[in-house]
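When you read off a place in the sequence shown, starting at 1, and then add 625, the result is the number in the working numbering. Glycine is no exception: its CB is placed at the ideal position from the N, C-alpha and C atoms. Read through the structure below, which is laid out as structure tokens, and then see the notes.
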Amino acid sequence: MDLDVTWHHGWPSAKHDPAPEIQVHQADARTYILRQNRSVNFEAPFMYLLIGRHTALLIDTGATPEAEYFPLREVVDGLVPHGHRLIVAHSHGHGDHVAADEQFTGRGRTTIVGKGQPEVAEYYGFTDWPHTPRELDLGGRVVDVIPSPGHHASAVTFYDRRTGALLTGDTVYPGRLYVQDWDAFAATIDRLVAWSDAHEVSHVLGCHIEMSIEDGQDYPRGWNYTPYERALPMTVEDLRDVQAAVAEAGGAPGIHKHAAFHLWYKVDG
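Below, the structure is given as structure tokens:
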């Protein structure tokens with residue numbers, strides 16, 4: 626999987642940004658990584674499109690609902706092979722990952738997975754949430770769906786067996802890891818480390834970049850221009866570092882800073 630890409634990081638004047646609203650990177654013949662332009666929305670979330678023989682899986686729909694500002698449906702339609710079924714899923718239910726869902730309403734052969742934990746559990750067939758992962762077969766391409774609450778009650782992690790990529794949403798990425806439920810988050814990180822011990826993980830890929838290449842420095846929330854970003858891919862060793870950081874913090878409120886990520890728990894603002 627080719628991850629050698631320079632991601633657009635916004636523009637000094639968002640109004641005059643010449644880059645497209647969505648940057649598309651083809652990581653391999655059937656895998657696309659999309660990023661919303663930071664000039665459109667400062668969250669600049671990443672989205673993933675995995676294509677099997679008969680079904681495509683779109684993970685997340687970004688932070689802007691209006692197609693005129695954020696033409697996600699148009700871009701996805703240009704990438705999904707004709708006749709394929711499309712599943713519009715989410716890493717979790719926060720607004721910057723589900724905003725453009727309605728762009729896919731009425732699209733033929735398309736399923737939009739609900740945003741809440743009950744809808745997520747029902748769609749994937751979780752009967753013992755958050756313990757046992759489920760499989761999603763895209764046709765010659767199986768994706769494991771791993772319950773990952775802690776940042777958000779409905780969060781899941783996707784493991785793509787084809788590429789070995791572990792798609793961790795907002796649970797693990799180079800940035801501010803906002804913890805909603807500490808015990809659930811700690812259990813999720815343990816679960817993901819155990820999964821990585823048992824499976825070959827090539828990359829850990831989240832949904833944001835909020836850290837600069839200077840160790841331990843993050844960009845303030847709301848910035849539309851963030852030059853010198855860290856690379857998107859993280860590693861299993863980074864995942865272990867998050868596990869160690871969680872154990873060290875022990876659920877204490879505050880901002881727990883580390884070189885590649887910050888843990889935020891019960892912090893105002």
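Per DSSP, cross-strand counterpart(s) of residue i
i, result
"Y673", "I658 and I684"
"I737", "V713"
"V826", "Answer by DSSP bridge pairing: none, since V826 is not bridged."
"K882", "H887"
"Q648", "R660"
"T782", "I771"
"L761", "V768"
"A790", "H828"
"D653", "T656"
"G708", "Answer by DSSP bridge pairing: none, since G708 is not bridged."
"G635", "Y850"
Distance between beta carbons of residue j and residue i, contact taken as under 8 Å
i, j, result
"F671", "I658", "6 Å"
"V745", "S779", "5 Å"
"Y798", "R663", "Going by Cβ atoms, the distance from Y798 to R663 rounds to 15 Å, so no, they are not a contact pair."
"Q661", "T689", "7 Å"
"A725", "F695", "6 Å"
"W632", "E854", "7 Å"
"T788", "V829", "Contact flag wrong, Cβ pair sits at about 12 Å."
"H679", "R710", "6 Å"
Three-state class that DSSP yields for residue i in the structure shown
i, result
"D702", "helix"
"H722", "helix"
"E615", "This structure does not reach residue 615, given that the chain is present from 626 up to 894, and the question cannot be answered."
"E744", "helix"
"A908", "In the structure as shown, the chain starts at 626 and stops at 894, and residue 908 therefore has no counterpart that could be examined."
"L697", "helix"
"A692", "coil"
"H756", "coil"
"V871", "helix"
"F751", "coil"
"H777", "coil"
Closer than 6 Å: residue i CB and nearest the ligand HEM heavy atom
i, result
"F729", "In terms of ligand content, the structure shown is empty, and the ligand HEM therefore cannot be addressed."
Practice prompt. Tell me the start and end of each unbroken beta strand (DSSP E) in the region 795-867 that is at least 3 residues and wholly inside, in chain order.
Written response: 801-804 and 828-831
Discussion item. Under 8 Å, with one C-beta from each stretch per pair, do the region 835-846 and the region 763-777 reach the 3-pair mark?
Written reply: No, the region 835-846 is not in contact with the region 763-777.
Worksheet item: For the 8 Å Cβ check, are there 3 or more pairs between the region 780-799 and the region 703-723?
Response: yes
Worksheet item: How about the region 725-735 and the region 696-706: do they share at least three Cβ pairs that are nearer than 8 Å?
Response: In short, these stretches touch, since the Cβ pair count reaches three.
Discussion item. Any contact between the region 866-885 and the region 810-821? By contact I mean 3 or more CB pairs, one from each, below 8 Å.
Written reply: With a cut-off of 8 Å on Cβ pairs, the region 866-885 is in contact with the region 810-821, counting three or more such pairs.
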